[in-house]
Each structure stands twice: as structure tokens, then as C-alpha cells.
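Inspection log for the structure reproduced underneath, given as C-alpha cells.
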Amino acid sequence: MVMIVPILKYGSPELRAVSKAVDSFDGELEKIIKNMFDTMYGSPGIGLAAAQIGINIRLSTIDLSVGEDAAKRIVLCNPEIVSAEGEQRADEGCLSIPDFSDSVVRPLKMVVRCQDAHGEEHTIEAEGLLARCLSHEIDHLNGVLFIDHLSPLKRTLIRNKIRKLAKAGEW
Ligand SMILES: [Zn+2]
């Protein structure tokens with residue numbers, strides 16, 4: 000059964016909290032992960048952090064194929080950045096800040112160590128879009144959003160637009 004849960008939007012305090020380490024790799028965690036993939040595919044999106052559905056644990060799901068290729072599914076538990084190098088600039092968005100996007104600089108290549116749904120350790124060597132996605136998702140676990148990487152002026156513009164939408168009951 001597909002379980003799509005609401006995604007918190009910008010302004011929710013959970014998005015600004017530093018998430019806690021995942022410490023039990025049990026059935027409950029598996030349920031959360033399944034809900035996250037379902038919700039991410041339903042949006043659709045290529046990455047989702049547990050904080051975005053109101054659960055502040057260091058967990059993100061990633062799938063660049065958006066459900067087309069099961070081998071592309073990544074469960075990112077307790078990720079640690081081993082190395083980050085180079086730079087790439089591209090337009091980026093976030094399921095918690097719908098309808099906004101802007102150009103963000105991210106590392107071109109990243110090596111990340113993480114655990115999967117069962118607590119097994121993995122090392123992911125990524126570049127291009129996957130490196131961007133890993134960087135964006137690890138940011139979420141620390142309460143950081145893509146707009147934090149923009150210039151203060153751009154950030155203020157987006158914040159003001161969101162405030163207007165919220166006032167109109169459209170956020
Ligand atoms: Zn995001």
C-alpha cells in the first residue's frame with residue numbers, strides 16, 4: 000500500500016532543527032523509509048529528508064530515477080562527508096519550498112559514508128547530480144535549506160513571497 004504523508008513547508012520548525020542520529024534499525028525505521036519513498040515518488044522528487052515529514056532523525060531517501068530503477072534507491076542513514084571537492088552551479092529546488100528554485104553552488108564530487116536501513120555501512124562516491132543531491136540532503140539533517148546558500152537579497156525576496164502566500168492562505 001502506498002503511503003503518502005504530508006511534506007512540511009518552509010516555516011515549520013522541524014525543518015530548522017538539527018536531526019538526531021538513527022540508532023535503532025528496526026521495523027519502525029523501515030516503515031518510515033517506505034513512507035518516505037512513497038511520498039517522494041508522489042511529489043515527485045529525487046530526495047527527501049525525514050525532517051521534511053516531521054521526523055528529526057538523520058535519514059534521507061534519494062532516487063535519481065524517481066522510482067524507475069530500484070537499483071538507484073539510496074537510504075542515507077547517519078551520513079558523514081568523507082570528502083567534497085570541486086564546484087558545480089545549477090538550479091535547485093526543494094519539496095519543502097515548492098515552486099521556488101534558484102542557482103546553488105554545490106560540490107562537484109562527494110564521498111559520503113552512511114548506513115542503510117539495516118545499519119550496514121556503505122561508502123557512496125558521487126559526482127554531478129548525485130553529489131548535489133547528497134549535499135542538499137545532508138544539509139536538511141542539519142536544519143539547512145537551499146535558500147541559505149543564496150545571497151541575502153535573493154533569500155529575502157523568496158521569504159517575502161512566501162510570507163505573502165502564507166497571508167493569503169496559499170502556503
Ligand atoms: Zn530539500
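Numbering (numbering that gives the first Met the number 0), first residue to last: 0 to 170.
Ideal placement from N, C-alpha and C gives every residue a C-beta, glycine not left out.
Give the straight-line distance between the Cα atoms of I32 and A83, rounded to the nearest whole angstrom.
Looking at the two C-alpha atoms, the distance is approximately 26 Å.
Take the Cβ of M35 as the centre, count every other Cβ of all protein chains shown within 10 Å, and call the residue buried at 16 or more, exposed below.
The residue is buried, with at least 16 neighbouring Cβ atoms inside 10 Å.
So, with DSSP's three-state summary, where would you put E84?
Here E84 sits in strand by DSSP.
DSSP three-state call for D98: helix, strand or coil?
Coil, per DSSP.
Helix, strand or coil: which one does DSSP assign to D68?
Correct three-state label for D68: coil.
Is any heavy atom in ligand 1 found nearer than 8 Å to the beta carbon of H135?
It does: the Cβ of H135 is within 8 Å (strictly closer) of some heavy atom of ligand 1.
Can you have a look at R3 and say buried or exposed, based on whether 16 or more other CB atoms are within 10 angstroms of its CB?
Before going further, note that residue 3 is Ile rather than Arg in the sequence given. By the neighbour-count rule (16 or more Cβ atoms within 10 Å), I3 is not buried but exposed.
By Cβ distance, which residues of its chain are closer than 8 Å to L7, with the 5 residues on each side in sequence left out?
Within the same chain, L7 has close Cβ partners E13, L14, A50, Q51, I52, G53, S95.
With hydrogens ignored, establish whether the beta-carbon of G41 is closer than 8 Å to any heavy atom of ligand 1.
Because no heavy atom of ligand 1 lies under 8 Å away, the Cβ of G41 does not count as near it: no.
Around the C-beta of M109, are 16 or more other C-beta atoms found within 10 angstroms, so that it is buried, or is it exposed?
Burial call: buried.
H117: which of P5, L28, I61, V17 sits nearest, CA to CA?
Taking only the C-alpha atoms, the option nearest H117 is L28.
Please state whether DSSP places N77 in a helix, a strand or coil.
Strand.
Check the DSSP bridge columns for K19 and list the partner residues they point to.
DSSP, once it has assigned bridges, lists I56 as partnering K19.
Give the single residue among H139, C113, I137, S100 whose Cα lies nearest to the Cα of L149.
Looking at the Cα atoms, S100 is the closest of the given residues.
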